[in-house]
Amino acid sequence: MPVVDIDTDELRGLTGRTDTSDEEFTEDLFGLGLEFEGETDDGLLQFEFAPDRLDRLSVEGVARSLRYHYGDDRGVYVPETNDPEWTIEVDESVPDERPYVTGAVVRGVDLDEGALDSLIQLQEKLHATMGRGRAKGAIGIHDLAMVKGAPLQEGAEPSITYRGVDPDGDTFVPLDANDELTPNEVLAEHATGQTYADLVADLDRYPAIYDELGLFSFPPVINGKRTEVTTGSRELFVELTGTDQWTIDRMCNIVCYALSARGATIEEVEVNYADGATHPSEYGAELVRPNFDTDEKAVGHDRIETLLGVDFEPEEVVDCFERAGLDASYTLDEDVTYEVEIPPYRVDVLHPLDLVDDVGRAYGFDNLEPRYPDVGTVGGRHERSRLEDAVRTSLVGLGFEDLLNFHMTSGTENYDRMNLEAGTDAFGGGDAVEITEPYSEEYTQLRTWAVPSLLMLLERNTHNAYPQDVAEVGFAAGRDETQDTNVAERRHVAGAVARRDASYEAAKGRLKAVCDDFGADLETPRTEHPSFIDGRTAAVVIDGEEVGVIGEIHPAVLVEHDLEVPVAAFEFHLDALR
Amino acid sequence: MRLPERQLAVLEAASATDERTIDEIAAETGLKPETVTGAAFDLRDEGLLSVVETAAETLDLTDEGRRYVDDALPETRLYRAGLAVGADESPVSMGRVIGEADLDGPEVDIALSNFARKGFGSIDSGELTADPDADPGADPEAAALAALADGDDPAVDEAVLDQLDSRGLVDRGESVTRSVTLTDDGVDALMMGVEATETVAQVTPELLASGEWRDVEFSEYNVEADAPAARGGRKHVLRRTADRVKDVLVGMGFQEMEGPHADSDFWINDCLFMPQDHPARTHWDRFALDVPPMEGIPDELMARVEAAHRDGWGLDGDGYHSPWSQDFAREVALRGHTTSLSMRYLSGIAGAELEPPQRYFSVEKVYRNDTLDPTHLLEFFQIEGWVMAEDLSVRDLMGTFEEFYRQFGITDIRFKPHYNPYTEPSFELFGEHPETGEEIEIGNSGVFREEVTGPLGVDCDVMAWGLALERLAMLTTGAEDIRDLHGTLADIEFLRDAEVSY
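Those sequence lines, one after another, are chains E and G.
For what it's worth, our numbering labels the leading residue of the first sequence as 1, then goes sequentially.
For what it's worth, our numbering labels the leading residue of the second sequence as 579, then goes sequentially.
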């Protein structure tokens, strides 16, 4: 979950609540769903929250939410914007994989260290969340004074150009570097370039932003040093590129709202997608950004009442909406419906139900009185779950310790250390379902049988007292393309007797007892299995069907598992006892 | 007269004139010395035997003493080293002599203090002089150690022994030797003739059948002695916790669900309105399986779910601005939550189309790619439950969960507003640990979004919650490392010793 670092002095300034203590803020923020996590080395308080309200990824956004919470602000707020002077031209050379761009000009900024840190934090947190690690959207913020906009035509507005660049073509000096580098050199040599190289490495042309002086930004990897933002910057050019126009537009809105909260003025920019450049089908080729248009959704009074379980007057609901930073109007008909206006920094309102949640939060979920639902239903266990449980009870009655082992294992454990070959007919020898790109060598496949798990456990417990009689009723799986999921999932019953006098007879006696409990007829015709001693191995045949194996574990397998006592074991399909 | 067999044997082996030790009698009768001792005391109590106890000092070398027998005493080694470097002619620096003697650690102090005491020489201003006339070979302490090592009972001077004792080179102990002689009554009894009564250790079928049990004595036990613990099998502690949860839920009217562990991403995530580019759906968080994609998903259902993702659900619904593909939806992976089962049941594919009201649950395994540590496993059990009814409210959700957790002694639940892609409103549940009083997260809950229920064909409310079973189990068993409980790393002793909860 995202974490936002908050300087509480900044928070006091931005909320205007100079007397509020850190503890009071922490308590109020818990009510908003931000949970105190700890403190940074620099003394900032860290709050974790669910990734819906991404507009709270900066102290400015958190302060805005608190102002609504305290009732200091009400309703939808949309900052004034000035008309565009600048244009972002989108060239047809832009790589198809990252076609979209948006942006804004911000004037009159006054960034002290704290404000600059907050802006950088917001940028990085948005990259990590909405931007999906910069793949979906990446933000570049530049000192406008250092951008030189060349009009494409006489008398046109100043502009920058989003275009594609030959990876080994033009050079620029990236942030945190001193040398002119080509984009490919950035990916190879620059630390940030190495981190984000995967995002562009496969492209024929790399995304790039140019002004009159040339290449100055290489999204989504790194900005150029020339336009670096400092505490001395007074005017900013914000640009975002990505794979989805809506996503980068919303990210842009969140950044603009944060800067506006510090007194800056937002100025629109035009975005012109050239003929031949991919433009967002839902908005057209010529855009004006940032887009601060509000959304509207309708939600019925009944739905709010039934979902929250509270009777409301319409005025109360409107009050809740306004305290949530929304505006609502309604007409007093038989069925009251609210037309709700939603500000452009909200990215989480996908459905009218999300508005009911906002009403609930503003009303205070803590104020709801729990009630047990007056709905009668009949409870019961699943048949398989009852069967498993009954077999477990039988095994425990026979003195077995009931085990719970992992379903994931490795080929080494499942086959090799059992002296078994994959893809054979022996019990457990079928092909395993493999995990693609496994995370660890120990967990690369689903187990095909459970006796290996029992032996692994015995191996771990050689320091403990014997006898160790262990059993498991558990899951095993194999490849099976006749199944819907292409995986055959089975429950197996497995038992092992590990003691000085463990013998085939000891295992069979117990197996017989389990079968008797379930009225099942057991036969044990001789068979061969590489995990067991020849001549002391039998197939488990229950009610005439071969469903498992029983025998004394082969000494080679025992030694492989560092065991110094004999082990006799059995395993069969649970279904045979049905 | 009748005596138990062992007592009779001891009585017959004893003499009226010579004291005989327990060991001698044991050797003669073939009984164990402790048996003879027990019988002798019983006979003494009968007045047939007298028992005399003689205490004797025992002397044993300590480990340190034994080492000096092999290596010579440190002061002797120091003296010999002194001779080797010529300290008998002129003083030599102490460091050099110690080095030559190869002494280190506490041995250095031991050597220096005894060197002077035994007159092997003198130490002055850090220099050592060895007395050429001293003779460590005649050292009585060394001689005593050697004699003890040989097992001889040394006729050693008491002062030398005290010295060795104070140096910690010998252990002085005491042993008691018991000797018995027949009393006059004992002699008389023997002369009159004693027969053995049978003392019986065990009730046998023969004894019961023959009625002989009436004529025998049963040997006495030390009933306070420890007995080896009997070990039966036990149901796994997590299973027992799961049983408890199942009991509670069945009692609250919930039916148990079941379904595949390996399932398509469609059922695991897409039905839950999890965008396909959600971080939890990346390679690192899930276990994708190398089997062909799942074909058996109803086309209409697939289309409705896709529509919800792309365009939203209902008149004012918006979709995600994320890529979506059927190919991804059909990929097969291990389920990351058992909510996939809830989706199958709600869709009707797991059985009958469900009409409200319904309550369902499962306590089943889920798989998450996480780092193994004391509180995280790659496989764990999720408790999943849901209630389907017309017009369910957040208050019903709160009331249901309060009731559930109350069964486990957890009261005063706090509902923290939360966000899940699949529920709205959503709450994290916090409760007070019944023992530590700590506020802990005990579950995640909410009302399924219409983007979830709508495509499944459900047009009433469904509220759901989930939590890890291990979390409850750790609270109830006190386990601090989840790996002690679950998996092939489990410690069998821990499982055997875990207290039964009920």
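Glycine is no exception: its CB is placed at the ideal position from the N, C-alpha and C atoms.
If you're wondering where the values come from, they're calculated on a predicted model, not measured in any experiment.
Contacts that residue i makes with chain G (C-beta to C-beta distance below 7 Å)
{"i": "E/Pro-370", "result": "Arg-973, Met-976, Gly-977, Glu-980"}
{"i": "E/Pro-373", "result": "Val-965, Ala-967, Leu-970, Asp-974, Gly-977, Thr-978"}
{"i": "E/Glu-60", "result": "Going along chain G, no residue has its Cβ under 7 Å from E/Glu-60, so there is no contact; the nearest lies around 21 Å."}
{"i": "E/Leu-522", "result": "In chain order: nothing, as chain G lies at least about 20 Å away."}
{"i": "E/Thr-306", "result": "Asp-969, Ser-971"}
Backbone secondary structure at residue i - three-state DSSP
{"i": "G/Glu-612", "result": "helix"}
{"i": "E/Lys-125", "result": "helix"}
{"i": "G/Gln-780", "result": "coil"}
{"i": "G/Met-966", "result": "strand"}
{"i": "G/Ser-918", "result": "helix"}
{"i": "G/Trp-902", "result": "coil"}
{"i": "G/Pro-857", "result": "helix"}
{"i": "E/Glu-296", "result": "strand"}
{"i": "E/Ser-410", "result": "coil"}
{"i": "E/Ala-201", "result": "coil"}
{"i": "E/His-142", "result": "strand"}
{"i": "G/Ile-676", "result": "helix"}
{"i": "E/Lys-148", "result": "coil"}
{"i": "E/Asp-19", "result": "coil"}
{"i": "E/Asp-91", "result": "coil"}
{"i": "E/Gly-224", "result": "strand"}
{"i": "E/Arg-250", "result": "helix"}
{"i": "G/Tyr-923", "result": "helix"}
{"i": "E/Tyr-439", "result": "coil"}
{"i": "E/Asn-405", "result": "coil"}
{"i": "E/His-573", "result": "strand"}
{"i": "E/Leu-454", "result": "helix"}
{"i": "G/Thr-819", "result": "helix"}
{"i": "E/Ser-385", "result": "helix"}
{"i": "G/Ile-603", "result": "helix"}
{"i": "G/Trp-891", "result": "coil"}
{"i": "E/Ile-342", "result": "strand"}
{"i": "G/Ile-961", "result": "strand"}
Of the listed residues the options, nearest to residue i (C-alpha basis)
{"i": "E/Arg-289", "options": "E/Leu-45, E/Glu-60, E/Val-105, E/Leu-122", "result": "E/Val-105"}
{"i": "G/Asp-596", "options": "G/Ile-991, G/Arg-584, G/Leu-627", "result": "G/Leu-627"}
{"i": "E/Val-378", "options": "G/Val-828, G/Ala-591, G/Ala-787, G/Ala-840", "result": "G/Val-828"}
{"i": "G/Pro-718", "options": "G/Val-869, G/Gly-771, G/Val-647, G/Glu-612", "result": "G/Val-647"}
{"i": "G/Val-772", "options": "G/Asp-763, G/Ala-779, G/Gln-780", "result": "G/Asp-763"}
{"i": "E/Val-90", "options": "E/Thr-102, E/Val-76, E/Asn-82", "result": "E/Thr-102"}
{"i": "E/Glu-413", "options": "E/Lys-136, E/Leu-144, E/Val-557", "result": "E/Val-557"}
{"i": "G/Glu-1029", "options": "G/Glu-1002, G/Gly-729, G/Ala-820", "result": "G/Glu-1002"}
{"i": "E/His-573", "options": "E/Val-493, E/His-554, E/Lys-512", "result": "E/Val-493"}
Listed by chain order, chain G residues near residue i by CB distance under 8 Å
{"i": "E/Gln-468", "result": "Ile-1070"}
{"i": "E/Leu-398", "result": "Gly-811"}
Interface residues of chain G facing residue i [CB-CB closer than 9 Å]
{"i": "E/His-492", "result": "Result: empty, since nearest Cβ-Cβ is about 14 Å, beyond 9 Å."}
{"i": "E/Lys-125", "result": "Neighbours of E/Lys-125 on chain G: none; closest Cβ ~13 Å, over 9 Å."}
{"i": "E/Phe-365", "result": "Val-972, Met-976, Phe-993, Lys-994, Pro-995, Pro-1003, Phe-1005"}
Per-residue contacts from residue i into chain E (C-beta, under 9 Å)
{"i": "G/Pro-1081", "result": "Because residue 1081 of chain G is not part of the residues shown, which for chain G are 579 to 1080, the question remains open."}
Beta-carbon neighbours of residue i, restricted to chain E and to distances below 7 Å
{"i": "G/Glu-957", "result": "Phe-406, His-407, Met-408"}
{"i": "G/Thr-1066", "result": "Asn-405, Phe-406, Ser-453, Met-456, Leu-457, Arg-460"}
{"i": "G/Glu-1028", "result": "His-351, Leu-353"}
### Query
Are at least three pairs of beta-carbons, each pair with one atom in the segment 839-857 of chain G and one in the segment 879-895 of chain G, less than 8 Å apart?
yes
#### Entry: Interface positions of the segment 285-301 of chain E facing chain G (Cβ-Cβ less than 7 Å), listed along the chain
Lys-297, Ala-298
#### Entry: chain G contacts made by the segment 426-455 of chain E, where a contact means CB separation under 7 Å
When C-beta distances to chain G are compared with 7 Å, the residues of the segment 426-455 of chain E below that value are Val-433, Glu-434, Ile-435, Thr-436, Glu-437, Tyr-439, Tyr-443, Ser-453, in chain order.
### Query
Listed in chain order, which residues of the segment 558-578 of chain E have Cβ atoms closer than 8 Å to some Cβ of chain G?
none
### Query
When Cβ atoms are compared, which residues of the segment 880-909 of chain G fall closer than 7 Å to chain E?
Gly-890, Trp-891, Gly-892, Asp-894, Gly-895, Asp-896, His-899
### Task
For the segment 958-978 of chain G and the segment 1042-1049 of chain G, state whether three or more C-beta atom pairs, one from each stretch, are separated by less than 8 Å.
yes
### Query
If contact means a Cβ-Cβ distance below 8 Å, which residues of the segment 374-388 of chain E contact chain G?
Val-375, Gly-376, Thr-377, Val-378, Gly-379, Gly-380, Arg-381, His-382, Arg-384, Ser-385
### Query
Just by C-beta distance, which residues in the segment 813-833 of chain G are closer than 8 Å to chain E?
Lys-813, His-814, Leu-816, Arg-817, Asp-821, Lys-824, Leu-827, Val-828, Gly-829, Met-830, Gly-831, Phe-832, Gln-833
### Message
Can you pull out the residues from the segment 503-531 of chain E whose beta carbon lies closer than 7 Å to at least one beta carbon of chain G?
### Response
none
### Query
Just by C-beta distance, which residues in the segment 41-54 of chain E are closer than 9 Å to chain G?
Phe-49, Ala-50, Pro-51, Asp-52, Arg-53
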